[in-house]
Every structure is written in structure tokens, then in C-alpha cells.
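Step one of this worksheet: look at the structure below.
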Amino acid sequence: MPQNTRRVQRLAFCATLVEADRGLRDPVKLLERNKMLHRLIVQASHNKFMIEALGNLRVHLSLLSGSTYASAGRVEAAQNVHEEIVSAIADGDGDRAERVARQHILSGCRVRLKMMAEAGQS
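In this text, residue positions in the sequence shown follow the numbering used here: the first is 23, and each later residue adds one.
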């Protein structure tokens with residue numbers, strides 16, 4: 023199968039996945055689908071650094087309890103960002119996809135740090 027055909031199929035699957043997530047509120051299901059979407063996007067990049075970084079991140083996050091999806095507004099915010107990233111990839115706008123992904127990572131980090139601080143206060 024030609025590389026371009028595989029790319030189009032992966033992108034279509036990502037778009038379908040993101041669309042199906044709209045309205046989903048089950049945090050366990052959302053977390054599972056979030057991991058799948060991130061893995062698909064990173065693998066499709068063929069960027070060895072990103073693939074390794076995602077693997078390392080998964081190890082570190084597995085040591086933490088809870089999910090950032092428990093934070094108010096996080097489900098909707100992540101959904102919007104996922105849609106924007108997939109749209110940027112579909113448009114061939116790598117700069118926009120990278121910019122939005124970086125913002126998404128920073129936002130997730132801030133939410134996680136806030137969760138950890140609040141857990142330490144209880």
C-alpha cells in the first residue's frame with residue numbers, strides 16, 4: 023500500500039476518532055481514546071524523538087494518580103485542541119499543528135501540577 027494512502031487512512035481514522043469523542047464524558051473511556059489518538063499522531067510523524075518522548079511520558083504519567091480529565095473544563099479543552107491538531111495535519115500545516123500541540127502539552131502540564139499541589143494540600 024502506498025505511503026500516501028496509509029497517511030490518508032490514518033488521518034481519516036484520527037478525524038473519526040476525534041469526532042466520535044465529542045460528547046463523550048466517561049473519563050476512563052476518554053483517557054483510553056486520548057492515549058490512542060496521541061499514539062496515532064506521534065507514530066504517523068515518523069519522528070523518532072517524538073515516539074521516544076511519548077513512551078517516556080507514558081511511563082512517568084503511569085506513576086501519577088488520576089487524570090487531567092477530572093479537572094473542570096479539561097474534557098472540552100482537550101477535545102477542541104485535538105480537533106485543531108487533526109485539522110492542521112489534514113491541511114498540511116505542520117507549523118500550526120506543532121504550535122497547538124505544544125500549547126496542549128503546556129496546558130496539560132499546568133493542570134497536572136495544579137492537581138498535584140491540591141492533592142498535597144489535603
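The beta-carbon is built from N, C-alpha and C at its ideal position, and this holds for glycine as well.
- In the DSSP assignment, N69 falls outside any alpha helix (DSSP H), carrying neither H nor E.
- The count of Cβ pairs closer than 8 Å, one atom from the stretch 75 to 93 and one from the stretch 105 to 123, stays below three, leaving the stretches out of contact.
- Under the three-state reduction of DSSP output, S93 falls in the coil class, being neither helix nor strand.
- Of all alpha-carbon atoms in L62, S93, Q125 and R118, the one lying nearest the alpha-carbon of P49 is that of S93.
- G95 and T27 have their C-alpha atoms some 36 Å from each other.
- Listed in chain order, the non-local C-beta contacts of A37 below 6 Å within the same chain comprise V108, local neighbours out to five positions each way being set aside.
- Under the three-state reduction of DSSP, R28 is assigned to helix.
- Here L76 is near V64, since their CB atoms are less than 8 Å apart.
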